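Visitor: One rule links them: number in the working numbering = place in the sequence shown (from 1) + 23.
Backbone N, C-alpha and C fix where the C-beta goes; we use that ideal spot for every residue, glycine too.
Here the structure is a predicted model, which is why all the values come from computation and not from measurement.
My questions will all concern the structure given below.
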Amino acid sequence: MNAPRIQPVKGMNDVLPTEIARWQWLELVAREILSAHAYDEMRVPIVEQTDLFKRAIGELTDVVEKEMYSFEDKGGERLTLRPEATAGMVRAMISNGMLRGARHKVWCTGPMFRHERPQKGRFRQFHQIDVEAVGFAGPDIDAELIALSASFWRRLGIDRVRLQINSLGSPESRFAYREVVTRYFRQHHAKLDVDSQRRLEGNPLRILDSKNPEMQAIIAGAPLLLEHLDQESRQHFADLRSLLDSLGITYEVNPYLVRGLDYYSRTVFEWITDVLGAQDAVCSGGRYDGLITQLGGETTPAIGFAMGVERAVALIEQAGSAPVAQTSDVYFVAQGEASTRVAMRVADELRRKSPRRRVELNLGGGNLKVQFRRADRSGAPLALVLGEDELGRGVVQLKPLRGGTGEPAEVKIEQAVSAVDHWLMVYSSKNS
Ligand code: ATP
Ligand code: MG
């Protein structure tokens, strides 16, 4: 009897070979774009002290209140699987003494964890590409960073996305606005949902971010933060808009864009799409000038964004823009133990000569018919055949398969590597 199957963890996905081409393409494009803008990659732990996220993200947020994977480890430390990357990136820069007036443009990628209700486009383990510019007050960097995010879509062939921007002002102006908006929501107390009633005293701005349809009318009547900005933030926002205009980047000002996490100030932005249903945000970011001090670092302005990888991959799939998955270049058909031994050596030489080539060797035996069926399935345009007869004569056969053209040929085993190399070169020049 078989043992019962272990189930996957709810909301956590496997990325299969059939999907991987889109992921790898996104990662490749990300690396190129970020490097072209002089950003360097960093790698930070997936687990951090729970207090880091409480302090960075804010206690009265969905993420900290309901969504964190927190646990006590065997030494009694309170730890959390990171729900987002910015807090850990900033923590790492402080821990490693990287700030002290210095400026850094850095990025990272990897899994994030939130205990949400899993649904299309919303998972419990999901991935982000996270980009941070630390030590820059903007608005020039704000514009460059938004332009950088725009170039992702251009490079990935995705056009069903729109950019929304807003300004949250300085902490002081937000504090003043808070009084105004609290007064407004108090007047409508009875109509607020439970979450909003609870947030009213602690974090009223988050009410504006509510997705509850029944709240939308009350939210629409609320006074706008954008109309209560301090002079400097107003100027910062005007300058950002003018820079975006001159870069030819189209945007909408969305005065209700508040963003789920607490640490933002001034510039916030989000890329949304109309092709992924309810989970419409594919990339979100903003300025977080106060966060670094809040985490014990020296006062440093900063801005960043996070792109949701699963949602971006879904857009790539939708657009059908990813390059086709890599298939083999050569399939090596070998019959008998002695031939397989020689074939293994030749295959190894082929890979050394051209490390980018995908050389697949038939392993586990099989008659010719079976092996050629596998060769066909591998997608390779060329088969190499080394049977007992060939081995006896010291030769290998080159046989073009479906995709390949030309006549079969026979070459000495010692010449196999250069013959294959030449054949594939001619083949790729004809097919590019
Ligand atoms: P949403 O409004 O969809 O909950 P968010 O405001 O919580 O998003 P951020 O914390 O800003 O999202 O994260 C940045 C990006 O990460 C989002 O724009 C989205 O693309 C992606 N993302 C966030 N949560 C999830 C999730 N549970 N599953 C998949 N992707 C996610
Ligand atoms: Mg969320």
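Alpha carbons only, please: which of E360, Y311, A329 is nearest the one belonging to G133?
Guide: The sequence position of residue 133 within the sequence shown is 110, counting from 1. For the residues E360, Y311, A329, the minimum Cα distance to G133 belongs to A329.
Visitor: Can we say the stretch 225-237 touches the stretch 138-151, given the rule of at least three CB pairs closer than 8 Å?
Guide: Contact between the stretch 225-237 and the stretch 138-151 is absent, because fewer than three Cβ pairs lie under 8 Å.
Visitor: Buried or exposed: M24, going by 16 or more other Cβ atoms within 10 Å of its Cβ?
Guide: Counting from 1 along the sequence shown, the entry for residue 24 is found at position 1. Its Cβ having fewer than 16 others within 10 Å, M24 is exposed.
Visitor: If you check the beta carbons only, do A304 and I295 fall under 9 Å apart?
Guide: Counting from one through the sequence shown, the residue named residue 304 turns up at place 281. Counting from one through the sequence shown, the residue named residue 295 turns up at place 272. Yes.
Visitor: For L386, is the classification buried or exposed, using 16 other Cβ atoms within 10 angstroms of its Cβ as the cut-off for buried?
Guide: Here residue 386 is taken as the residue at index 363 of the sequence shown, counted from 1. That one is exposed.
Visitor: Does DSSP classify G417 as helix, strand or coil?
Guide: Here residue 417 corresponds to residue number 394 of the sequence shown, with the count starting at 1. Three-state result, G417: coil.
Visitor: Between K89, G309, P278, which has its C-alpha nearest T290's C-alpha?
Guide: Translated into positions along the sequence shown, residue 290 becomes position 267. It is G309 whose Cα lies nearest to the Cα of T290.
Visitor: Residues bridged to I326 by DSSP?
Guide: What you label residue 326 is simply residue 303 of the sequence shown in a count that begins at 1. According to DSSP, which records beta bridges pairwise, I326 is partnered with A156, R310.
Visitor: Secondary structure at D63, three-state DSSP: helix, strand or coil?
Guide: Within the sequence shown, the letter at position 40 stands for residue 63. Residue state, collapsed to three classes: strand.
Visitor: With burial defined as no fewer than 16 other Cβ atoms inside 10 Å of the residue's Cβ, what is the status of T470: buried or exposed?
Guide: One cannot answer for residue 470 here, as it falls past the ends of the chain, which runs 24 to 455.
Visitor: Could you check the C-alpha separation between V157 and T41 for me, to the nearest Å?
Guide: By 1-based counting over the sequence shown, the position of residue 157 is 134. By 1-based counting over the sequence shown, the position of residue 41 is 18. Roughly 38 Å between the two C-alpha positions.
Visitor: Check whether the Cβ atoms of M135 and R105 sit closer than 9 Å, and answer yes or no.
Guide: Position 112 of the sequence shown, counted from the start, is the residue given in the question as residue 135. Position 82 of the sequence shown, counted from the start, is the residue given in the question as residue 105. Against a cut-off of 9 Å, the Cβ pair of R105 and M135 comes out as a contact.
Visitor: Hey, does G402 have any beta-carbon neighbour from chain B nearer than 9 Å?
Guide: Among the protein chains of the structure shown there is no chain B, as only one such chain exists.
Visitor: Span of the alpha helix (DSSP H) holding Y92?
Guide: By one-based count along the sequence shown, residue 92 stands at place 69. Note, Y92: premise wrong, no alpha helix (DSSP H); beta strand (DSSP E) at 92-95.
Visitor: How is V276 classed by DSSP in three states: helix, strand or coil?
Guide: Translated into the one-based positions of the sequence shown, residue 276 becomes position 253. Note: V276 maps to strand in three-state DSSP.
Visitor: Where does S451 sit, in a helix, a strand or coil, going by DSSP?
Guide: Here residue 451 corresponds to residue number 428 of the sequence shown, with the count starting at 1. S451: helix per DSSP, three-state reduction.
Visitor: At which residues does the alpha helix (DSSP H) containing H259 begin and terminate?
Guide: Counted from its first residue, the sequence shown places residue 259 at position 236. 254-269 is the span of the alpha helix (DSSP H), which, as asked, contains H259.
Visitor: Excluding the 5 residues preceding and the 5 following T350 in the sequence, name in chain order all residues of the same chain whose CB lies nearer than 6 Å to its CB.
Guide: By 1-based counting over the sequence shown, the position of residue 350 is 327. For T350, where only same-chain residues beyond five positions count, the Cβ hits under 6 Å are G402.
Visitor: Counting Cβ pairs closer than 8 Å, one from the stretch 27-38 and one from the stretch 70-84, do we hit at least three?
Guide: Cβ pair count under 8 Å is below three, so no.
Visitor: Measuring straight from C-alpha to C-alpha, what distance separates D297 and E333?
Guide: Residue numbering aside, residue 297 sits at position 274 when the sequence shown is read from its first letter. Residue numbering aside, residue 333 sits at position 310 when the sequence shown is read from its first letter. Their backbone Cα atoms lie some 16 Å apart in a straight line.
Visitor: Taking 8 Å as the cut-off, is the C-beta of C131 nearer than that to any heavy atom in the ligand ATP?
Guide: Against the sequence shown, residue 131 aligns to sequence position 108. No, Cβ of C131 sits at least 8 Å from all heavy atoms of the ligand ATP.
Visitor: What would DSSP say about S362, mapped onto helix, strand or coil?
Guide: Your numbering for residue 362 matches position 339 in the sequence shown. Helix, per DSSP.
Visitor: Taking just the CA atoms, how far does G410 sit from A361?
Guide: To locate residue 361, count along the sequence shown from 1; it is residue 338. To locate residue 410, count along the sequence shown from 1; it is residue 387. Taking the straight line from one Cα to the other gives about 9 Å.
Visitor: For V52, collect the residues of the same chain with a Cβ closer than 8 Å to its Cβ; drop the 5 residues on either side in sequence, then sort them by chain order.
Guide: Translated into positions along the sequence shown, residue 52 becomes position 29. The residues are F175, R178, L179.
Visitor: Are P162 and H259 touching if we call contact CB-CB under 9 Å?
Guide: Against the sequence shown, residue 162 aligns to sequence position 139. Against the sequence shown, residue 259 aligns to sequence position 236. Contact flag set, yes.
Visitor: Quick one, are the C-beta atoms of V407 and E293 less than 9 Å apart?
Guide: In the sequence shown, the residue the question calls residue 407 occupies position 384. In the sequence shown, the residue the question calls residue 293 occupies position 270. Checking the displayed sequence, the identity of residue 407 turns out to be Leu instead of Val. Their beta carbons are not under 9 Å apart, which means L407 does not touch E293 by this criterion.
Visitor: Which whole-angstrom value describes the C-beta separation of Y286 and A160, a residue pair presumed to lie in contact below a C-beta threshold of 8 Å?
Guide: Reading the sequence shown from its first residue, position 263 is the one you call residue 286. Reading the sequence shown from its first residue, position 137 is the one you call residue 160. With 8 Å as the limit, Y286 and A160 do not qualify as a contact, their Cβ atoms being about 16 Å apart.
Visitor: Alpha carbon to alpha carbon, how far is Q420 from T428?
Guide: As a first step, residue 420 is located in the sequence shown; it is residue number 397 there, counting from the start. As a first step, residue 428 is located in the sequence shown; it is residue number 405 there, counting from the start. Using only the alpha carbons, I get a separation of about 15 Å.
Visitor: Closer than 6 Å by C-beta to V369: which residues in its own chain qualify, once you throw out the five before and the five after it? Chain order, please.
Guide: Translated into positions along the sequence shown, residue 369 becomes position 346. A439.
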